Amino acid sequence: MTQRTQRERLENIGALLVVGSGKGGVGKSTVSVNLAVALAKRGASVGLLDGDAYGPSVPMMLGVRKRAASKGSEADLPLAERRDLPPEKKLKPLMRYGMKIMSVGFFIGEEQAVAPMPDVLGVLIRQLFYSVDWGALDYLIIDLPPGTSEPQATLCREMQIDGAVLVTTPQDVARIDTSKALAMFQEADVPVLGVVQNMDGFLCPHCGEHVEIFPRSQETRAQLDELPLLGRIPLDPAAVINGDKGRPVVVSMPDSSVASAFTSMAEQVAMTLQARRSEAEEEQQFTTESIPEETEKEREAEDERED
Ligand code: ADP
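If you're matching positions, the sequence shown starts at 274 in the numbering used here and goes up one per residue.
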């Protein structure tokens, strides 16, 4: 396993989170956006870095597709320059719903048919991580590209990630790929906070009845089943319509069951991170306190030897 202590970390970022999925189309960007907005609604300062080059989902879901030269899209990316960029060289993120947003899509063009090669995409994501003027944040969330190879694996090894959220649907095909994503995070020693089961049944807009759409998975994936379930999100047409209009469902329909599921997912994420932080602090305190004790014992042993 790689040494976590040597990994790259940005100052002033409380927690770096990634949202990942084994395959595309399962709702990873929808979860990233609603998680980010729900955390911001709890009063946290939040940044969202869209690293999914396979669609303009995040900017579209947040209604920030218009690009302005001053906001980064036509600004030069200070490639090959890392850390300690002077503020005037940093890219200004776009602001929406109180959050700071940046997307790889701003640099590769929405209509471009071919996504960049994985290593190029990895460089772009890492560069935006460093070159954007994120300021002080409680959470920086990266919407990773779907998949379990590159650039995800390298990014996970290089950055000090505080938590990963996995997104899947109830189907076999998605769950099999999700367990691969879980293995990738575990391999890189990234703590997985839990899994979100999206598109879990359909909420009829007419009668409100919950209808199963995908056949329940028959695949037992022991490792996946052991993860905390951060939420079951039903398919809801309103989520798509509002998403396409740039108004995530936690903002446009805060009382809907889909929004409540996202809100409680955000609460669980915040609580889990807080618990982990307290645990780490306690451990640190214990280590610091135990040093003089050991020294004392050593001194006693030495005294005995001298006697
Ligand atoms: P991914 O990032 O995994 O490719 P997206 O978040 O872009 O997936 O979602 C794919 C499509 O499915 C989008 O059009 C999105 O609006 C829709 N979608 C995602 N989750 C839900 C849901 N719970 N109910 C309805 N539509 C959804």
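The beta carbon of each residue, even a glycine, is placed where N, CA and C say it ideally should be.
Quantities reported herein were computed from a predicted structural model and do not represent experimental measurements.
Cβ-based burial, Thr560 [other Cβ within 10 Å; buried from 16]: Exposure of Thr560 is indicated by the presence of fewer than 16 other C-beta atoms within 10 angstroms of its C-beta.
The stretch 298-305 in contact with the stretch 281-289 per 3-pair CB rule at 8 angstroms: Between the stretch 298-305 and the stretch 281-289, the count of Cβ pairs shorter than 8 angstroms is below three; the stretches do not touch.
Distance, Leu455 Cα to Gln400 Cα: Cα to Cα, the separation comes out at about 25 angstroms.
Simplified DSSP state of Glu460, which is helix, strand or coil: Three-state result, Glu460: helix.
6 angstroms Cβ shell around Ala409 - same chain, five flanking residues per side excluded: Result list for Ala409: Asn285, in chain order.
Nonlocal neighbours in the same chain, by C-beta distance under 6 angstroms from Ser376, ignoring five residues either side: Sequence-distant Cβ neighbours of Ser376 in its own chain, meaning closer than 6 angstroms and more than five residues away, are Asp323, Val331 and Pro332.
Inter-stretch contact (C-beta, 8 angstroms, three-pair minimum) for the stretch 306-322 and the stretch 455-468: Too few Cβ pairs lie closer than 8 angstroms, so no.
Reduced DSSP category for Ile381 - H, G, I as helix; E, B as strand; rest coil: In this structure, Ile381 counts as helix in the three-state DSSP scheme.
Burial state of Asp509 (16 or more Cβ within 10 Å): Burial state of Asp509 is buried, judged by a 10 Å Cβ sphere holding 16 or more other Cβ atoms.
Sheet register partners of Phe402 (DSSP bridge): Its beta-bridge partners do not exist; DSSP assigns none.
Those runs of the beta strand (DSSP E) which lie wholly inside the stretch 469-537 and span at least 3 residues: Fully enclosed beta strand (DSSP E) runs of no fewer than 3 residues occupy 502-508 of the stretch 469-537, in order along the chain.
N-terminal and C-terminal residue of the alpha helix (DSSP H) that Thr427 is part of: Looking at the DSSP string, the run of the alpha helix (DSSP H) that includes Thr427 is Gln425 to Glu431.
Enclosing beta strand (DSSP E) for Thr247 [first to last residue]: Given that the chain is displayed from residue 274 to residue 580, the structure contains no residue 247 and the question cannot be resolved.
As assigned by DSSP and simplified to three states, the class of Val292: Val292 sits in a strand when the DSSP states are folded into three classes.
Any non-hydrogen atom of the ligand ADP closer than 7 angstroms to Lys301 Cβ: Lys301: yes, Cβ under 7 angstroms from the ligand ADP.
Proximity below 8 angstroms, CB of Tyr327 to CB of Ala388: Inclusion of Tyr327 and Ala388 in the CB contact set at 8 angstroms is warranted, their separation being smaller than that value.
Check whether Ala447 and Leu466 have beta carbons under 8 angstroms apart: Here Ala447 is not near Leu466, since their CB atoms are 8 angstroms or more apart.
Close beta carbons around Lys344, own chain, < 6 angstroms, minus the five adjacent residues each side: In this prediction, Lys344 scores a pLDDT of 47, lower than 50, which makes its location untrustworthy; the coordinate-derived value is nonetheless stated afterwards. Result list for Lys344: Lys365 and Leu367, in chain order.
For Glu284, the three-state DSSP class (helix, strand or coil): In this structure, DSSP gives Glu284 a state outside helix and strand, which the three-state scheme calls coil.
Of the residues Met457, Pro443, Lys362 and Val522, the one placed nearest Asp498, counting alpha carbons only: Selected option, being the one with the closest Cα: Pro443.
Proximity of Leu428 and Gly378 at Cβ, strictly below 8 angstroms: No, these two residues do not count as a Cβ contact at 8 angstroms.
Val469 and Ile414 closer than 8 angstroms at C-beta: The Cβ atoms of Val469 and Ile414 do not sit closer than 8 angstroms to each other.
Inter-residue spacing [alpha-carbon to alpha-carbon] between Gly336 and Pro521: Gly336 and Pro521 have their alpha carbons spaced roughly 9 angstroms apart.
Reduced DSSP category for Arg582 - H, G, I as helix; E, B as strand; rest coil: Outside the modelled stretch of the chain, which goes from 274 to 580, sits residue 582, for which no answer is possible.
Presumed contact (8 angstroms Cβ cut-off) between Glu431 and Arg280, rounded CB distance: The pair is a contact, with the Cβ atoms about 6 angstroms apart (cut-off 8 angstroms).
Sequence-distant residues of its chain with Cβ nearer than 6 angstroms to Asp576 (five each side left out): Excluding residues within five positions, none has a Cβ falling inside 6 angstroms.
Distance CB(Ser525)-CB(Asn515) smaller than 8 angstroms: Annotated as proximal: Ser525 and Asn515, with beta-carbon spacing under 8 angstroms.
Buried/exposed call for Asp416, threshold 16 Cβ in 10 Å: Under this definition Asp416 is a buried residue.
Gly420 (DSSP reduced to helix, strand or coil): Gly420 sits in coil when the DSSP states are folded into three classes, being neither helix nor strand.
Proximity winner among Asn471, Val306 and Val393, relative to Lys373 (alpha-carbon distances): The residue with the shortest Cα to Cα distance from Lys373 is Val306.
Pair within 8 angstroms by beta-carbon distance, Val542 and Ala532: No, these two residues do not count as a Cβ contact at 8 angstroms.
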